[in-house]
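In UniProt numbering, the protein residues as written are 1 to 691. Have a look at the structure below before the remarks.
What follows is the structure, encoded as C-alpha cells:
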C-alpha cells in the first residue's frame, strides 16, 4: 500500500514538473521576446485555461485553483495587446520564483528519489546477505557484521524515505506558490508599467490581486507549519523505530502474537531449480480468508499460492537456513517451504496458518476463539503433578527408549466433559500403561492380542505389496473407502463403553508427545471395508496392521479438533492371556475425522445387515429341507396306499373268475382281456407274479 501510494505521489510530481516546464517556457518567452509579448501572453492565458483539463492525482482543491486561474487567464488575455514590458521587473517578479521552483524544488524531488532507490537497493542486498547466514557458531563475527549492515541500511532507507515523503508533501504547497507567486509578480509588473492609470486595471482587479497575495502568504504559513510538524514526526519516529531496525528483535521485548487469523509480511520462498539445487525468492505474502497470497514488487494485486483451509504447517530444517517452515495442503498434493526473517515472525506465521487451517476466521470473534483454542491446546499438553513425578522417575528409561512413555495424568482434551469429570482416571485407562508412538509391524513384533485377533501371526508379508491368501477378504466387500492418516499412538484402556475413553487417550498421548519431544508420525492409508480396517504402507502397499471390524467396539472423533479420531479394539490377549483387553488407537487425518467415523459406522451397519441376511438365508434353507423331507414321506405313503388298493382289486377279480367257471371259454378270455386292459402293464406283471 505504501509503495502504491508513493507511486501516486511520484506520478503527481511528474505531472507538476511537466506542467511547470510548460509554464516556465511560456513566461520565458515573455521575458526574452518583448516583440512577441502578445503571442507569449496569449499562450500563457491558454495554458492557464487548460489547467482544469489536467488530472493531478492529488488535486484536492482543483475547483478553487481552476476558478482563480481562469480569472487570471481572462486578465492576461486582456493585457495581451500590451507591447512593452520592463525586462528587469519581469526578471525579478515573474521569472525568479518559477525558476527557483523548477531548478531547486523539482530537482530536489528527483535527487531524493534516486537516493531512496539506492537506499532501498542497499537494504534489499543486506537482507539477502542476512538471509544466507549459517546457523553455525563459527560465523558469529560474520553474523555481527551482516546484522550491523542490515541495521545501517534499514536506518538509512527509513530516514531517506521519510525525507523523500516530506519533500513530496511539501511539493503540493510549493506547487500552489509556484503557480500563484509568478503570476502575482507579473501582474504587479504590468500595473507598474501602465502606472495605475490603465483602463484595463480597475479597483476590482487590485482587490483580487490583494486577496491572492493574502492567500499565498496563508499557504506559505500553512506550509511552514506542516513542515515543522513533519520534522517533529520524523524525529519521534526515528527514536521509536530504532529497535525495529534489527532484523531479529528480542522475543522478550517483542513477544509473538499467537492468536492471529491474518498475517502479512516478507518471506523467502524456496523454488527448486533442479534435482538437488534450489533458489530462494523474497516476496510479500499475506493471508486473505482461507488463502495464502503473494505479491511481487510492482504487481497490481496478489496471486494465490495455496488454499490453507485444513492444511498442515510444521517447522523444518532446510539448507542450513533458520526460521523455515513448511505448509502442506489438505490433500497432501502441494507443499511450500518458506523462511521468515525473525523468530517472532516465524512463530506468528506458524500460529496464524494453524488458526486459519481450523477455519477460525469464519467466526464472529476469530481472535477470541483462537485464544481459547490455543489455551485448550496448552492445557492439553500440560501434565498433571502425578505425570510430572512419574516422568522424572522414569527419565533414564525414556532416554534409552524414546518411543514409549508411561502416564497417568488426568483432565480432558479440548473441552470440559461432565461425564469424564464424574469418572475416575483408573476407570478409563489402566495404570502404568505404556504408550506406543510408532506402528510395530506384525513381522517384527505383535501388539497385545493383535496377531491373534487378526490372524496374521506367523504369516509372511509379500514385499511386493501382494496380500496373498487374504485377497478374497476385501474383493467381496461392498464398502471400500481409503483415507490418509498419521498414527499418533496407542495404549491399553480399562473401559470401552464411553467415548470419554477416546478423549482421555487423545489427551494423554498428545501430552506425552509434547513432554518427550516426539514429533515423528507414520503416515499410512486406512482402508475401511465391511470385514476389517487395514493400515497400508502408501509406498509399498504392504498391510502394516489389520483390525477385524467386529472387534472395533468404540470409535469417536475429537470434540473440537475434528482431524483427530480414535477407536477401541477389543482383543483376546494382553498382559494377562486369560482375559480380554481393550486397546485405543489414536490417529490424525488430513480430512475430518467425522468422515472416517461415519465410514466405520457404515461398514459395521453393512456387516450387521449382512449377518442378519445370512442367518435368515440359513433359516430359510432349513425350512426348505424340512418341507422336502415331509413331501418325500407323503409321496411314499401315497405309493403304499396305491399298491394295497391294486392288490385288493386283483383278489376280487380272482374270486369272480372262480365263481363263473361254467361259462364259455370265449367269455373267460374276453373277461381276462378286459381285465388286462384295465390293469395295464404293471397290473399284468403283478397278476402273473401272483399266479
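Yeah, the Cβ is synthetic: ideal placement off N, Cα and C, and Gly gets one too. Because the structure is a prediction, the values reported are computed rather than measured.
Bridge partners - residue i, DSSP secondary structure assignment
i, result
"residue 570", "582"
"residue 484", "525"
"residue 552", "569"
"residue 546", "534"
"residue 612", "Residue 612 pairs with nothing; no bridge assigned."
"residue 110", "Looking at the DSSP assignment, residue 110 forms no beta bridge with any residue, so it has no partner."
Residue i to residue j span [Cα, whole Å]
i, j, result
"residue 371", "residue 54", "53 Å"
"residue 288", "residue 595", "27 Å"
"residue 76", "residue 65", "16 Å"
"residue 307", "residue 252", "33 Å"
"residue 183", "residue 94", "7 Å"
"residue 566", "residue 302", "40 Å"
"residue 220", "residue 177", "8 Å"
"residue 531", "residue 550", "8 Å"
"residue 369", "residue 69", "59 Å"
"residue 72", "residue 21", "19 Å"
"residue 118", "residue 486", "51 Å"
"residue 26", "residue 194", "22 Å"
"residue 346", "residue 279", "20 Å"
"residue 281", "residue 121", "15 Å"
"residue 96", "residue 208", "22 Å"
"residue 361", "residue 503", "26 Å"
"residue 171", "residue 354", "46 Å"
"residue 352", "residue 269", "18 Å"
"residue 255", "residue 263", "15 Å"
"residue 513", "residue 248", "30 Å"
"residue 452", "residue 615", "Note that residue 452 scores 38 on pLDDT, short of 50, meaning its location in the model is unreliable; the coordinates nonetheless yield the value given after this. Approximately 26 Å, taken between the alpha carbons."
"residue 639", "residue 617", "33 Å"
"residue 79", "residue 46", "13 Å"
"residue 634", "residue 619", "23 Å"
"residue 343", "residue 323", "6 Å"
"residue 126", "residue 150", "5 Å"
"residue 417", "residue 501", "Here residue 417 scores only 37 on pLDDT, less than 50, and its place in the model should not be relied on; the value that follows carries that caveat. The alpha-carbon atoms of residue 417 and residue 501 are separated by roughly 11 Å."
"residue 15", "residue 89", "29 Å"
"residue 697", "residue 132", "This structure leaves residue 697 out entirely; the chain is present only between 1 and 691."
Coil, strand or helix - residue i by DSSP
i, result
"residue 315", "strand"
"residue 16", "helix"
"residue 526", "strand"
"residue 538", "coil"
"residue 1", "coil"
"residue 588", "strand"
"residue 557", "strand"
"residue 69", "helix"
"residue 634", "helix"
"residue 564", "strand"
"residue 373", "helix"
"residue 365", "coil"
"residue 10", "helix"
"residue 80", "helix"
"residue 250", "coil"
"residue 642", "helix"
"residue 131", "helix"
"residue 256", "coil"
"residue 381", "Low confidence applies here, because residue 381 scores a pLDDT of 42, under 50, leaving its location unreliable; read the following figure in that light. Reduced to three states, the DSSP call for residue 381 is coil."
"residue 599", "helix"
"residue 617", "helix"
"residue 478", "coil"
"residue 53", "helix"
"residue 58", "coil"
"residue 136", "coil"
"residue 648", "helix"
"residue 498", "coil"
Beta carbon proximity, residue i to chain D, threshold 8 Å
i, result
"residue 558", "Reference to chain D is not applicable here, since this structure consists of a single protein chain."
Residue interval of the alpha helix (DSSP H) (run including residue i)
i, result
"residue 192", "140-194"
"residue 48", "37-49"
"residue 89", "87-90"
"residue 243", "Run containing residue 243: none; DSSP gives neither H nor E here."
"residue 202", "No alpha helix (DSSP H) contains residue 202, which DSSP labels as neither H nor E."
"residue 97", "96-100"
What residue ranges within the UniProt domain "PH" (260-358) form continuous alpha helix (DSSP H) runs of no fewer than 4 residues, ordered along the chain? Taken in chain order, the whole alpha helix (DSSP H) runs of length 4 or more contained in the UniProt domain "PH" (260-358) are 343-357.
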